[in-house]
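K.L.:
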Amino acid sequence: MTRYLAARTVEIVVVLAIMSLVVYLLIGLMPGDPIDLMIAGDPNMTSEDRIRLRALYGLDRPLLERYLAWLGQALQGEFGYSRSFGQPVLAVLGPRLVNTLQLAGLAFVLSIAVALPLGMWVAARPRSRADYLVNLLCFAGISAPPFWLALLLITLFAVTLGWLPAGGTAEPGASLADRLRHLALPVATLALVQLGGYTRFMRGAMIETLRQDYVRTARAKGVPEHRVLWGHAFRNALAPVLTILALSFGGLVSGALITETMFAWPGMGKAIYQAILDNDYNLALVGLLVATFATIAGNLLADLGHAWADPRVSLAGDGR
12 MTRYLAARTV
22 EIVVVLAIMS
32 LVVYLLIGLM
42 PGDPIDLMIA
52 GDPNMTSEDR
62 IRLRALYGLD
72 RPLLERYLAW
82 LGQALQGEFG
92 YSRSFGQPVL
102 AVLGPRLVNT
112 LQLAGLAFVL
122 SIAVALPLGM
132 WVAARPRSRA
142 DYLVNLLCFA
152 GISAPPFWLA
162 LLLITLFAVT
172 LGWLPAGGTA
182 EPGASLADRL
192 RHLALPVATL
202 ALVQLGGYTR
212 FMRGAMIETL
222 RQDYVRTARA
232 KGVPEHRVLW
242 GHAFRNALAP
252 VLTILALSFG
262 GLVSGALITE
272 TMFAWPGMGK
282 AIYQAILDND
292 YNLALVGLLV
302 ATFATIAGNL
312 LADLGHAWAD
322 PRVSLAGDGR
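Dropping the structure here:
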C-alpha cells in the first residue's frame with residue numbers, strides 16, 4: 012500500500028506540472044489583452060501606464076519565460092496576484108473553495124444517502140411497478156438540465172411559497188439554521204442531478220450481483236432476504252459503484268458552475284469562469300489546477316474504495 016501511494020503521489024505531481032504548462036500556454040494564447048481590459052475600465056490611464064502595467068505583471072516577456080517564473084514562485088508557495096480582485100490568488104480562491112466544498116459535499120452525501128438504498132430496493136424487485144416508476148424518475152432527473160431544475164426550485168420554494176432564499180449566502184455570524192436555508196436549494200439542485208445516475212448504477216450492479224451463485228446458495232440455505240442483500244450482495248455490488256461515486260465527486264467540485272451562477276453562490280467554478288473571461292491568468296491557472304487535483308484525488312479514492320470493497324483487487328500489484 013505504501014509503495015502504491017508513493018507511486019500515485021509522484022503521478023499526481025507530474026500530471027499537475029504538465030497541466031500547469033498546458034493551461035498557462037492555452038490561457039496566454041487566448042485573444043484579448045488583460046491590460047487593454049484594465050485600461051478600458053479606466054479612461055484616465057495613459058499609454059505610459061499601459062507600458063508600466065505590462066512590465067509590472069510581466070506581460071512584456073515571452074509566454075514560456077513567464078510560465079517558468081510563475082512555476083518558480085509556485086514551488087515556493089507563491090501563486091501570484093489576481094488582477095481582477097487585486098489580492099493574492101490563494102486569498103481569493105480559499106473562501107470560494109470552502110463554499111464549493113460545502114455545496115458539493117452536502118449534495119454528494121445527500122444523493123448517495125438516497126440513491127444507494129433506493130437502487131438496492133428496486134434491484135430486489137426487478138420489473139415491478141416500483142422499479143418502472145423509479146427508473147422513470149431517474150431518467151427524468153438525468154435528462155433535466157441543472158438550470159431548469161434550479162429555476163423550478165426557485166419558483167416553487169422561494170417565489171411561490173417563500174420558504175427559502177432564492178440565492179446568495181448567509182451573513183457572517185449567521186446561525187447554522189440560516190446557513191442551511193441558503194444551502195438548501197443549490198444542494199437540492201446538485202443532488203437531484205446526480206441522484207438518477209447513482210440510483211441506476213447501484214440498481215444495475217446489485218442486479219448483476221444477485222445473479223451470482225453464492226447469492227443463490229445463500230437463498231437456498233434459507234438466509235433471510237435482508238441478510239442476503241446487506242450481508243452478501245451489498246459489498247460486492249458496491250465495488251463498481253464506488254468508482255463512479257469517487258470520480259463524480261471531482262466533477263462536482265469543478266463542475267458546479269451552473270448551479271453556483273443560478274444561485275449567486277460565490278464558489279470556485281464561478282470564479283474560474285470569470286477569471287478566464289477577464290484573462291486573469293494566475294487566478295484561472297490555480298483554479299483549474301485545484302479542479303484537476305480534485306479529479307485526480309477522486310480517481311485515487313475510487314481505486315482505494317474499489318480495493319476495500321473487493322479484496323481480490325491488489326493495489327500493491329498496480330504499483331509495480
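Residues in the sequence shown are numbered consecutively from 12, following the numbering used here. We treat Cβ as the ideally placed atom computed from N, Cα and C, and that holds for glycine.
Relative to the C-alpha of residue 318, which candidate in 300, 247, 307 and 267 has its C-alpha closest?
P.N.:
247
K.L.:
Indicate whether residue 263 and residue 115 have their beta-carbon atoms separated by less than 7 Å.
P.N.:
yes
K.L.:
What is the DSSP secondary structure of residue 168, reduced to helix, strand or coil?
P.N.:
helix
K.L.:
With a Cβ-Cβ cutoff of 7 Å, do residue 69 and residue 77 count as a contact?
P.N.:
yes
K.L.:
Measure how close the beta-carbons of residue 74 and residue 36 come, nearest whole angstrom, since I'm counting them as under 8 Å.
P.N.:
At roughly 6 Å, the Cβ-Cβ gap stays under 8 Å, so residue 74 and residue 36 are in contact.
K.L.:
Considering only heavy atoms of the ligand GTP, does any lie closer than 6 Å to the CB of residue 70?
P.N.:
The ligand GTP is not part of this structure, which contains no ligands at all.
K.L.:
If you draw a straight line from the C-alpha of residue 273 to the C-alpha of residue 230, how long is it?
P.N.:
Looking at the two C-alpha atoms, the distance is approximately 50 Å.
K.L.:
Whole alpha helix (DSSP H) runs in the region 217-258 with 4 or more residues, listed along the chain?
P.N.:
224-231
K.L.:
Which of the three DSSP states, helix, strand or coil, is assigned to residue 87?
P.N.:
coil
K.L.:
Quick one: grab the DSSP three-state call for residue 45.
P.N.:
helix
K.L.:
Quick check on this structure: which residue in 117, 97, 28 and 154 has the alpha carbon closest to the alpha carbon of residue 82?
P.N.:
28
K.L.:
Give the range of the alpha helix (DSSP H) segment to which residue 271 is assigned.
P.N.:
268-273
K.L.:
Mind checking whether residue 11 and residue 125 have CB atoms under 7 Å apart?
P.N.:
Nothing can be reported for residue 11, as the shown portion of the chain is limited to 12 through 331.
K.L.:
Tell me whether residue 183 sits in a helix, a strand or coil according to DSSP, three-state version.
P.N.:
Collapsing the DSSP output to three states places residue 183 in coil.
K.L.:
Going by beta carbon distance, what residues of the same chain come within less than 8 Å of residue 181, once the five residues before and after it are set aside?
P.N.:
189, 190, 192 and 193
K.L.:
Taking all protein chains shown into account, decide if residue 281 is buried (16 or more other Cβ within 10 angstroms of its Cβ) or exposed.
P.N.:
buried
K.L.:
Comparing C-alpha positions only, which one of 291, 310, 267 and 293 sits nearest to residue 252?
P.N.:
The candidate whose alpha carbon is nearest that of residue 252 is 310.
K.L.:
Rounded to whole angstroms, what's the CA-CA distance from residue 86 to residue 179? Just pull it up for me.
P.N.:
35 Å
K.L.:
Taking CB distances under 7 Å as the criterion, tell me whether residue 262 reaches chain B.
P.N.:
Judged by its chain identifiers, the structure shown contains no chain B, having just a single protein chain.
K.L.:
Could you check the C-alpha separation between residue 160 and residue 202 for me, to the nearest Å?
P.N.:
11 Å
K.L.:
Thinking C-alpha only, which one of 157, 129 and 287 is nearest residue 215?
P.N.:
129
K.L.:
State the beta-bridge partners of residue 92 as determined by DSSP.
P.N.:
99
K.L.:
Sorted by chain position, which residues of the same chain lie with C-beta nearer than 8 Å to residue 151's C-beta, five sequence neighbours on each side aside?
P.N.:
207
K.L.:
Give the C-beta separation of residue 157 and residue 270 to the nearest angstrom, bearing in mind that I take them to be a contact with Cβ-Cβ under 8 Å.
P.N.:
Contact between residue 157 and residue 270 holds, with the beta-carbon distance rounding to 6 Å and staying under 8 Å.
K.L.:
State the start and end residues of the unbroken alpha helix (DSSP H) segment that holds residue 177.
P.N.:
Taken as a continuous stretch (DSSP letters only), residue 177 belongs to no alpha helix (DSSP H), as it is neither H nor E.
K.L.:
On the three-state DSSP scale, how would you describe residue 278?
P.N.:
coil
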